[in-house]
Amino acid sequence: MTSPRDVLTPDSLSMLHAIEKAGSFAAAARALGLVPSALTYRVRQIEDALDVLLFDRSSRQAKLTAAGHELMREGARLLADMDAIANRVKRVATGWESQFTIAVDGIIDRTTVMELCEAFMALNAPTRLKLRDEVLTGTLEALTSGQADLALGIAGSFSESGTTSGIHSHALGPMNFVFAVAPHHPLAQAPEPLTDALIGQHRAVAVADSVQRGAGVTIGLLPGQDVFTVSNMHSKIEAQVRGLGVGFVPELMVQPLIDQGVLVVRKVDRPQRVAQLSYAWRIPDGSEGERGGRALQWWLKQLKSTTTRSALLVNPRPKLALRKV
3 MTSPRDVLTP DSLSMLHAIE KAGSFAAAAR ALGLVPSALT YRVRQIEDAL
53 DVLLFDRSSR QAKLTAAGHE LMREGARLLA DMDAIANRVK RVATGWESQF
103 TIAVDGIIDR TTVMELCEAF MALNAPTRLK LRDEVLTGTL EALTSGQADL
153 ALGIAGSFSE SGTTSGIHSH ALGPMNFVFA VAPHHPLAQA PEPLTDALIG
203 QHRAVAVADS VQRGAGVTIG LLPGQDVFTV SNMHSKIEAQ VRGLGVGFVP
253 ELMVQPLIDQ GVLVVRKVDR PQRVAQLSYA WRIPDGSEGE RGGRALQWWL
303 KQLKSTTTRS ALLVNPRPKL ALRKV
């Protein structure tokens, strides 16, 4: 027995559309260069396979039934999808990746990332973008494990040694951290500089490392200190604003809150904490040369701009000057 998949072909859908447009089988047969009996037979095959009537034959006009109207509506969508797939495949063959995944650390400015995504999508490239929220060593792991093509906000020094081959990196810039507490927190009134012994008596707020393998890392925690763990930097800042704990936070990210007086910066008895951040990318095996696909080339072109790199490291956010590839 003929199945629906056998009869629902682009040719058959186009034929049904021709009948609908012509208003009769005879007129459609002339337009398609077929004899009316052959056209009628093909329509019967489709109706038998679907077990429905597509046309009301009670009059001389070829009027679609409710089922016929639904098939025409869905058929038009399927034909459009087929055309889109064909165009997409052709454009991917010109060097665009079918999907491009970016791992974004929680300390990277999301507004700037979205502005870059908006500019990329304006290219009408066939590449689908995917963003991954990562934290600490999980940002690099997403890249080295092949789950991302580009990683933004890798903390610490990064070198290709000891990682998957085909990984390259470049400095993004430094990010200063300050020790901040809520105005009503006991440490807000304690004498400076705050010692580790004093800080260790109070709960810390920490962001969980998103690494999938291994224990990950913790930064700035003291032995035996009570810890409130959250999933991202924005939650950490909110927790500290509420006085639920203390800890180091990116200075530029919390500067508006400091200016408003909802967070207070305190001096501590330890060196100033500055994170050296970088971005890294992966050249998949089999890529031509060492440039990667056109989507990767576009993103790397934008990241060459000091303005773009500065904007990714949170406020003040200068206006991006996007670059053509």
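For the sequence shown, the working numbering assigns the number 3 to the initial residue and increments by one for each residue that follows. Cβ coordinates follow ideal geometry from the N, Cα and C atoms, glycine included. Note that the structure is predicted; figures quoted are calculated from it, not measured.
Label residue i either buried or exposed according to how many other C-beta atoms from any shown protein chain fall within 10 Å of its C-beta, with 16 as the threshold for buried.
i      : result
Ser163 : Summary for Ser163: the model assigns pLDDT 38, below 50, so the residue's position carries little reliability; its value from the coordinates is reported in the next sentence. Looking at its Cβ environment, which holds fewer than 16 other Cβ atoms inside 10 Å, Ser163 is exposed.
Ile87  : exposed
Tyr281 : buried
Pro252 : buried
Val37  : exposed
Gly288 : Unreliable placement is indicated for Gly288, whose pLDDT of 48 sits below 50; the coordinate value is still reported in the next sentence. So Gly288 ends up on the exposed side.
Met123 : exposed
Gly226 : exposed
Asp8   : exposed
Val232 : buried
Val91  : exposed
Indicate whether at least one CB of chain D lies closer than 8 Å to the CB of residue i.
i      : result
Gly249 : Reference to chain D is not applicable here, since this structure consists of a single protein chain.
Where do the N-terminal and C-terminal ends of the beta strand (DSSP E) with residue i fall, by residue?
i      : result
Asp135 : Arg130 to Glu136
Ala105 : Gln101 to Asp107
Trp283 : Arg275 to Arg284
Gly168 : No beta strand (DSSP E) holds Gly168; DSSP gives it neither H nor E.
Ile156 : Leu152 to Ala157
Val232 : Val229 to Val232
Are residue i and residue j closer than 8 Å when you measure CB to CB?
i      : j      : result
Leu305 : Gly175 : no
Phe181 : Arg205 : no
Pro12  : Leu81  : yes
Ala313 : Phe179 : no
Val209 : Arg268 : no
Ala51  : Thr4   : yes
Val270 : Pro195 : yes
Ile109 : Met235 : yes
Met84  : His19  : no
Gly245 : His187 : yes
Note the first and the last residue of the continuous alpha helix (DSSP H) segment covering residue i.
i      : result
Val45  : Pro38 to Leu52
His19  : Pro12 to Ala24
Val243 : Met235 to Val243
Pro258 : Glu253 to Gln262
Val209 : Unbroken run through Val209 is the beta strand (DSSP E), Ala206 to Val209; no alpha helix (DSSP H).
Asp198 : Asp198 to Ile201
Asp8   : Pro6 to Val9
Thr67  : Here Thr67 belongs to no alpha helix (DSSP H), and DSSP marks it neither H nor E.
Gln191 : Looking at the DSSP string, Gln191 is not in any alpha helix (DSSP H), and its letter there is neither H nor E.
Leu302 : Arg296 to Leu305
Arg311 : Thr308 to Leu314
Quick check on this structure: which residue in the options has the alpha carbon closest to the alpha carbon of residue i?
i      : options                           : result
Gly97  : Leu298, Thr310, Arg311 and Leu302 : Leu298
Thr146 : Thr310, Lys303, Leu302 and Trp283 : Trp283
Val285 : His170, Arg7, Gly249 and Arg112   : Note on identity: in this sequence residue 285 is Ile, with Val being the wrong assignment. The shortest Cα separation from Ile285 among His170, Arg7, Gly249 and Arg112 belongs to His170.
Gln63  : Gly295, Ala144, Ala29 and Thr103  : Ala29
Glu72  : Ala144, Leu55, Met177 and Ala105  : Leu55
Pro273 : Phe250, Ala190 and Trp300         : Phe250
Ile104 : Gly148, Ala199, Val91 and Leu125  : Gly148
Leu279 : Leu15, Glu117, Arg79 and Met177   : Met177
His172 : Ser307, Pro6 and Asp211           : Ser307
- Message: Contact between the stretch 136-144 and the stretch 256-272 is defined here as three or more beta-carbon pairs at a separation below 8 Å; is this criterion met?
- Response: These segments do not touch.
- Query: For the stretch 146-153 against the stretch 223-241, are there 3 or more C-beta pairs whose distance is under 8 Å?
  - Reply: Cβ pair count under 8 Å is below three, so no.
- Query: Would you call the stretch 10-24 and the stretch 33-46 in contact, with 3 or more CB pairs under 8 Å?
  - Reply: In this structure the stretch 10-24 lies against the stretch 33-46, because at least three pairs of beta carbons, one per stretch, are closer than 8 Å.
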